[in-house]
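These notes are about the structure you will find just below.
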Amino acid sequence: MKEIPLASTPRDGSTEQGTEAVPPGWVAQDAFRMLSMAFSVKSEDERFSESLRWHLGPFLLDAPAPASIPAEFLATDETGEPAYIFRFSTHERFRVAMLAEAIHRTVWELHRAVHDQVRDFLLLHAGAVVRGGHALLLPAETASGKSSLTLGLLEKGASYLSDDLAALDPVTNRVYPFPKRIKLIPDALEFFPGLEERLGDRDLPFSQFERFVRPEDVGASVAEPATVKWVVFPTSEFEGPPVLEPMTKAESVKEMAANCLNLYRFGDAGVVLLSRIANGAESFRLRGGSLGERIELLSDQLRSRASPRS
Amino acid sequence: MEGSQFSVRSTDEDFLELLRGHLGDFRVPDGDDELDETIFQVDCGTSRVLPGGTVVRPTANLFIGSLRIFCGPRWEDMAGKLIAGVRDLVTARADESVRFRAAGAVIGDRALILPSGPNRHLPALAAALTRGGAGYLGDEIIKLDPILRRVSGIGLPILLDVSDLDLFPEVNARARRVKVEEEGEVGRDSRTPRRAVPVEGLGGHHAAPTDLGWIVLPVFRQGEGTRLEPVAGAEAVFKLMEAMLNAHVWGDRALILARDLVETVPVQRLVIGSIPEGAGLLMGLDEAAS
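Chains G and P, in that order, give the protein sequences. Per our numbering, the first sequence starts with residue 109, numbered consecutively. Per our numbering, the second sequence starts with residue 188, numbered consecutively.
In structure tokens, the structure reads:
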């Protein structure tokens with residue numbers, strides 16, 4: 109069946125295109141949609157807005173979607189000290205003194221809000237890429253190297269879905285793109301020679317500790333929704349050569365459930381969805397190997413297992 | 188209810204007592220601080236005594252926050268409006284389900300849904316099914332689990348249109364206190380007064396979530412013969428999409444789901460000249476299938 113685009117299709121827009129008519133008293137207002145969470149951010153600081161538009165570029169809309177959640181970014185010095193305040197859905201989420209910290213927290217808060225607000229996808233804490241028309245999920249805990257592994261696979265020819273959040277559709281069992289910027293710690297850049305010069309995150313009004321990579325920085329594009337064909341659970345055991353250990357479907361469901369962010373919303377139906385995913389996919393545990401060796405192993409496996417058609 | 192919370196403030200304790208009769212099962216001693224709370228405010232007004240001793244019944248007002256959603260003399264109508272507001276509130280964010288404007292009932296061991304445009308007679312059809320022995324799921328809103336294809340309701344009373352109350356003489360006198368001239372007040376569907384009728388008052392029960400078994404598209408044509416008709420697949424998909432309340436959330440997947448439902452579940456149209464006859468035909472679906 110031919111895909112029908114969503115009513116409000118996110119795009120990776122430029123700062124000029126994404127800016128809405130700004131209400132009096134504000135310097136910028138931008139509309140975004142992350143999966144089904146639509147929101148509109150009014151700001152008193154143009155540097156903040158410019159940075160936010162870059163960080164959330166893939167989710168930028170031309171105009172607010174219906175039922176957008178209101179968000180506000182305030183810059184104040186009422187107490188004699190500068191303070192930056194972020195409100196989301198009328199609740200104050202933080203108040204900090206540094207602008208760089210404010211944008212960092214805002215991006216984090218908005219990504220975190222997706223877990224609470226989005227109810228039409230089962231959300232898995234996982235990297236996700238597409239090779240040959242089929243998706244590979246990399247469910248794992250925070251700081252387990254999902255982003256680096258995802259980025260490495262993009263360099264090897266895969267298309268991008270997400271480095272952190274796999275959105276599983278209850279209707280079609282497919283995984284949908286959540287193409288956030290790929291977040292790396294600076295040390296991880298040494299595994300990707302030549303990449304740092306291509307990154308655009310240092311052109312923002314202020315720099316941050318973490319580095320952010322767009323799929324186009326490594327010549328990759330964002331993939332269409334895809335059926336899951338492989339589920340690989342990277343472990344934090346790096347001793348010895350890299351090995352893909354086959355897992356049973358039951359183990360796979362259990363591990364995916366442990367990495368679900370909103371299984372409580374779906375209950376037993378969510379476990380059924382994970383079972384369907386596991387039934388249609390091969391599951392492995394990835395042990396051993398350096399990051400580079402893991403990327404090579406997975407890339408080779410994907411290439412050999414992907415069907416010629418796709 | 189369903190992860191939402193609300194409170195009701197009233198200027199008259201008796202109105203709260205009336206409401207407790209319908210919503211008492213959902214009452215909690217303390218709210219959850221983590222949840223946003225919607226506040227319904229009820230101003231029941233004050234009776235006036237005219238010269239000569241005639242008592243003028245006051246006009247009552249119902250507000251959600253500061254927005255007035257009802258103004259009228261009858262508490263029963265106001266209770267109906269408030270419960271409709273509660274129903275909308277608790278289902279508005281239930282986007283883990285696909286929501287339909289539809290009546291729903293369980294016949295045998297399968298769920299029947301009756302997707303429809305706004306129609307004031309739809310709750311009466313649900314009530315007639317309930318009275319006929321079907322498990323009650325919903326009168327105007329039902330939820331479909333897109334993974335298991337299970338239909339669930341909300342557990343609220345049926346909100347019967349006042350013009351259909353005569354079909355249910357067993358409904359208690361207070362809910363049936365309708366003047367004949369009110370027939371003329373029935374205007375646009377959204378303004379039609381509704382009366383809350385407990386499912387148990389019809390001898391029925393609230394059904395647990397149940398696998399979807401039938402889709403029937405009701406068409407109310409008073410005076411015509413009541414009958415089931417075949418319906419083309421494309422039209423059925425179109426009607427399902429029309430009745431889907433959160434298609435904007437599900438996007439292209441809503442259409443995929445609607446098509447899949449039509450391909451896997453029997454779909455018919457029910458032309459309804461008489462609500463009791465319509466309910467009778469629907470109660471026979473289970474036997475026809477077996």
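For each residue, glycine too, the CB sits at the ideal point set by N, CA and C. Fair warning: this is a prediction, and the values are worked out from it, not measured in the lab.
Got a sec: is the Cβ-Cβ distance from residue i to anything in chain P below 8 Å?
i: residue 280(G); result: yes
i: residue 228(G); result: yes
i: residue 374(G); result: yes
i: residue 401(G); result: no
i: residue 266(G); result: no
i: residue 381(G); result: yes
i: residue 144(G); result: yes
i: residue 377(G); result: yes
i: residue 174(G); result: yes
i: residue 277(G); result: yes
What does DSSP give as the partner residue(s) for residue i in the beta ladder?
i: residue 150(G); result: 137(G) and 180(G)
i: residue 323(P); result: 292(P) and 393(P)
i: residue 291(G); result: 320(G)
i: residue 175(P); result: For chain P, the structure presents residues 188 to 477; residue 175(P) sits outside this window and is missing.
i: residue 390(G); result: 338(G)
i: residue 330(P); result: 286(P) and 339(P)
i: residue 401(P); result: 299(P)
i: residue 259(P); result: 247(P)
i: residue 145(G); result: 142(G)
i: residue 283(G); result: 276(G) and 334(G)
i: residue 267(G); result: 238(G)
i: residue 412(G); result: Note: residue 412(G) sits in no beta bridge, so no partner.
i: residue 448(P); result: Answer is none; residue 448(P) lacks a bridge partner.
i: residue 192(P); result: 224(P)
Please go through the same chain and pick out, in chain order, the residues whose beta-carbon is closer than 8 Å to the beta-carbon of residue i, but skip the five residues on each side of it.
i: residue 369(G); result: 223, 231, 232, 233 and 273
i: residue 464(P); result: 413
i: residue 304(G); result: 297 and 319
i: residue 135(G); result: 151, 152, 153, 154 and 157
i: residue 381(G); result: 230, 276, 278, 281 and 374
i: residue 217(G); result: 194, 196, 201 and 202
Would you say residue i reaches chain G, if we count a Cβ-Cβ gap shorter than 8 Å as a contact?
i: residue 283(P); result: yes
i: residue 401(P); result: no
i: residue 437(P); result: yes
i: residue 440(P); result: yes
i: residue 341(P); result: no
i: residue 548(P); result: With chain P represented from 188 up to 477, any question about residue 548(P) goes unanswered, as that position is not in the structure.
i: residue 469(P); result: no
i: residue 405(P); result: no
i: residue 443(P); result: yes
i: residue 432(P); result: no
i: residue 335(P); result: yes
i: residue 332(P); result: yes
i: residue 373(P); result: With a pLDDT of only 38 at residue 373(P), under the threshold of 50, the placement of this residue in the model should not be trusted; the figure read from the coordinates follows. Not one chain G Cβ lies under 8 Å of residue 373(P).
In chain order, what residues of the same chain have a beta carbon less than 6 Å from the beta carbon of residue i, not counting five sequence neighbours either side?
i: residue 226(P); result: 194
i: residue 453(P); result: 401
i: residue 177(G); result: 147 and 197
i: residue 233(P); result: 245
i: residue 409(G); result: none
i: residue 403(G); result: 260
i: residue 344(P); result: 209, 383, 384 and 385
i: residue 182(G); result: 152 and 193
Whose C-beta lies closer than 7 Å to the C-beta of residue i among residues of the same chain, with five residues either side of it excluded?
i: residue 289(G); result: 163, 320, 321 and 322
i: residue 282(G); result: 333, 334 and 335
i: residue 353(G); result: 392, 393 and 395
i: residue 215(P); result: none
i: residue 407(P); result: 306, 308 and 459
i: residue 336(P); result: 398 and 399
i: residue 410(P); result: 460
TODO: Inspect the CB distances between the segment 397-410 of chain P and the segment 298-310 of chain P and report whether three or more fall short of 8 Å.
DONE: yes
TODO: Kindly confirm or deny that the segment 388-396 of chain P and the segment 319-333 of chain P touch, where touching means at least three C-beta pairs closer than 8 Å.
DONE: yes
Task: Validate contact between the segment 244-259 of chain G and the segment 202-222 of chain G using beta carbons, cut 8 Å, 3 pairs - done: no
Task: Three-pair Cβ contact test at 8 Å for the segment 331-341 of chain G versus the segment 384-401 of chain G - done: yes
Open item on the list: So within the segment 198-232 of chain P, which uninterrupted alpha helix (DSSP H) runs reach at least 4 residues, ignoring any that extend past its ends?
Closed with: 200-210
Open item on the list: If contact is defined by three or more beta carbon pairs under 8 Å, each pair taking one atom from either stretch, is the segment 258-272 of chain P in contact with the segment 235-249 of chain P?
Closed with: yes
- [ ] Could you tell me whether the segment 427-441 of chain P touches the segment 283-293 of chain P, using the rule of 3 or more Cβ pairs below 8 Å?
- [x] yes
- [ ] Output the residue ranges of the alpha helix (DSSP H) runs that lie fully inside the segment 174-249 of chain G and measure 4 residues or longer, sorted by chain position.
- [x] 207-225
- [ ] Let me know the alpha helix (DSSP H) ranges lying completely inside the segment 336-370 of chain G, each 4 residues or longer, listed in chain order.
- [x] 357-366
Open item on the list: Check whether the segment 236-244 of chain G and the segment 261-273 of chain G touch, using three or more Cβ-Cβ pairs below 8 Å as the test.
Closed with: yes
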